[in-house]
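Engineer: Under my numbering, read the first sequence as residues 32 to 441, first letter to last.
C-beta atoms are modelled at their ideal positions from N, C-alpha and C, and glycine is treated no differently.
Keep in mind it's a predicted model, so treat the numbers as computed, not measured.
My structure is below; once you've seen it, I'll send some questions.
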Amino acid sequence: MLQKPRGTRDFLPDEMEARRSVEAKLREVARRWGYREVCTPEFEDLELFTMRSGAGIVEEMYVFEDKGGRKLTLRPEITASVIRMYVNEAKVAPKPIRWCYFADCFRYERPQKGRYRQFWQFGVELIGADTAPADAEVILLAADMLDATGVKYELKVGHLSFMKNLLAGLDPVSQRKVMGHLDKKDFDGLAATLGEMQEPGLARALTDLVECRDLQSAFAIAGEIAERERIEKTISLLDAAGLKYTLNFGIVRGLDYYTGFVFEAFADNLGAENQILGGGTYRLAKLFGGDDAASCGFAIGFDRVMVALGEVKQKREPIVAIVCTPEGRSRALAVARAFRKAGFRTETDLMERGIGAQVSHASKTADYAVVIGKRETESGEVTIKDLKSGEQKTVPLDEAIAGVKINGPR
RNA sequence: GCCAGGGUGGGGUAGUUGGUUAUCCUAGAGGACUGUGGAUCCUCCGACCCGGGUUCGAAUCUCGGCCCUGGCCCCA
32 MLQKPRGTRD FLPDEMEARR SVEAKLREVA RRWGYREVCT PEFEDLELFT
82 MRSGAGIVEE MYVFEDKGGR KLTLRPEITA SVIRMYVNEA KVAPKPIRWC
132 YFADCFRYER PQKGRYRQFW QFGVELIGAD TAPADAEVIL LAADMLDATG
182 VKYELKVGHL SFMKNLLAGL DPVSQRKVMG HLDKKDFDGL AATLGEMQEP
232 GLARALTDLV ECRDLQSAFA IAGEIAERER IEKTISLLDA AGLKYTLNFG
282 IVRGLDYYTG FVFEAFADNL GAENQILGGG TYRLAKLFGG DDAASCGFAI
332 GFDRVMVALG EVKQKREPIV AIVCTPEGRS RALAVARAFR KAGFRTETDL
382 MERGIGAQVS HASKTADYAV VIGKRETESG EVTIKDLKSG EQKTVPLDEA
432 IAGVKINGPR
């Protein structure tokens, strides 16, 4: 039998309804903050991603050549595409630009809990606002969106300038190596590496910085930082808004294109892959041939949020099954039309079953059965049966519709 | 790429010191019945992940692959 490709999933209606419901909550929050949806191609020139992250990421992507010999790739993330789109289409749009997206991405990695080869991201990008209120808005929006889904998480906020300041004396290759240790909290490896570099004194400062949880201490450890005022202003805006977060100056996030604030959120109840959101401030537009617009954005790992939420009880709408005898069938269609017009999900028998078998089927798939037989056709009424309690009554159509409206799903 | 544990009808399972036609529940289809059959009874549908090996004989033992679950690496 044919199988779906490794790391992909099929979604049955129950799961799709749950996903769409969470998606709708995210969309609604984005809408309220003024972030409007954009859409970019599912595949892009390979160069778009290698330009930014180096040739190494080719191993982690779905790369292919089209019939014209173009090197293309299924997008592994969407920020790069959005910024390319900004440079191509919207350079002169009034700033700030507030955009969001919800779309699937592809990475060729080993699947595990919360990690799939096709996965969905809900992200936002704020382009062209290089201020403390801009940074604060994006971080607050991130929290607002996660809160809307009901997921339990911890938000960590950091800023790269502290670490950059401490590492300013090292060459880029050494910086990268040191940050690798810090990202993994590998302090033994850190001390060893710095020892080799004749910089043993740095180990203590970096360890302190990574464990430090307040701004004043961080400044004390890292020394004077040019962005100090901007950082303090942003943090005070977060505090004033009552945001729940912890400061963490060990967040690295690959550094390649992040320039200032970086933040991540982690779900409490996931496995090894528990990061559900990541973002920060960055400058990518210039790399893609545009102006040097400052940007700030994040992406939510939608599938991980769904895993973290687990089996959530969905609010369900009532389902009506029309049950009829052969002589009632044509009126049954009119009755079904009336229920649908009233907004209810309404299904009729397509199997030409007997009335008993229809009720039997309805009891598994619906909340109400509306019986249209010879008697109802003659009287002009309908018999409505509550499939949970078994109670039924024969009433005018309007009354039956009103009853479903009042009582809801059973 | 590496490690561990798994893979039996659509879902859930029994069966593995090798031995008839692979068990049961559920779901699905059909019938009896023809206004509640949502019951009861009957029938049908449908599985040993794939391939090689050992054997008279493999779901069972063995090797390889694929896939699943979780972990490592990575995580833009």
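Since I believe Phe-292 is in contact with Met-311 (beta carbons under 8 Å), could you give me their beta-carbon distance rounded to a whole number of angstroms?
Structural biologist: In the sequence as presented, Met is not what sits at residue 311; that position holds Gly. Contact holds; Cβ gap of about 5 Å.
Engineer: Taking just the CA atoms, how far does Phe-137 sit from Gly-87?
Structural biologist: Whole-angstrom Cα-Cα distance: 16 Å.
Engineer: Identify whether Glu-383 lies in helix, strand or coil by the three-state DSSP scheme.
Structural biologist: Three-state DSSP puts Glu-383 in coil, outside helix and strand.
Engineer: By alpha-carbon positions, which one of Asp-214, Ser-52, His-190, Val-123 ends up nearest to Ile-266?
Structural biologist: Among Asp-214, Ser-52, His-190, Val-123, the Cα nearest to that of Ile-266 belongs to His-190.
Engineer: For a quick check, are the C-beta atoms of Arg-314 and Asp-323 less than 8 Å apart?
Structural biologist: In this structure, Asp-323 lies closer than 8 Å to Arg-314 by Cβ.
Engineer: Could you name the residues of the same chain whose beta carbon sits closer than 7 Å to that of Tyr-193, not counting the 5 residues immediately before and after it, in chain order?
Structural biologist: In the sequence under discussion, the amino acid at residue 193 is Phe, which differs from the Tyr named in the question. Contacts found: Leu-240, Ala-249, Ala-253, Ile-256, Phe-280.
Engineer: Within the same chain, show all residues whose beta-carbon is closer than 7 Å to that of Leu-198, passing over the 5 residues directly before and after it, in chain order.
Structural biologist: Gln-206, Val-209, listed in sequence order.
Engineer: Under the assumption that Glu-185 contacts Thr-277 (Cβ atoms under 8 Å), give the Cβ distance between them as a whole number of angstroms.
Structural biologist: So it is a contact: roughly 7 Å between Cβ atoms.
Engineer: If contacts are defined as beta-carbon pairs under 8 Å, then Ala-272 and Val-118 qualify, I think. What distance do you get, rounded to the angstrom?
Structural biologist: With 8 Å as the limit, Ala-272 and Val-118 do not qualify as a contact, their Cβ atoms being about 32 Å apart.
Engineer: Just list the residues that DSSP pairs Lys-416 with in beta bridges.
Structural biologist: Note: Lys-416 sits in a beta bridge opposite Ala-400, Gln-423.
Engineer: Classify Phe-294: buried if its beta carbon has 16 or more other beta carbons within 10 angstroms, exposed otherwise.
Structural biologist: Buried: at least 16 other Cβ atoms inside 10 Å.
Engineer: Say whether the stretch 110-127 touches the stretch 50-64, bearing in mind that this needs 3 or more beta-carbon pairs closer than 8 Å, one atom from each stretch.
Structural biologist: No: the two stretches stay apart, fewer than three of their Cβ pairs being nearer than 8 Å.
Engineer: Taking C-beta to C-beta, are Gly-302 and Gly-145 nearer than 8 Å?
Structural biologist: Yes, Cβ-Cβ distance for Gly-302 and Gly-145 is below 8 Å.
Engineer: Going by Cα to Cα distance, which pick from Leu-213, Lys-183, Asp-135, Glu-68 is closest to Asp-299?
Structural biologist: Ranking the options by Cα distance to Asp-299, first place goes to Lys-183.
Engineer: Among the residues of its own chain, which have a CB less than 8 Å from the CB of Ile-386, if the five just before and after it don't count?
Structural biologist: Here the set comprises Val-354, Cys-355, Thr-356, Val-402, Gly-404.
Engineer: Under a three-way DSSP split, which group does Leu-77 fall into?
Structural biologist: In this structure, Leu-77 counts as helix in the three-state DSSP scheme.
Engineer: Please return the same chain residues whose Cβ sits closer than 8 Å to the Cβ of Arg-447, not counting the five positions on each side in sequence.
Structural biologist: Only positions 32 to 441 of the chain appear in this structure, which leaves residue 447 out of reach.
Engineer: Would Val-366 and Leu-428 qualify as a contact pair, given that the criterion is a beta-carbon distance under 8 Å?
Structural biologist: In this structure, Leu-428 lies closer than 8 Å to Val-366 by Cβ.
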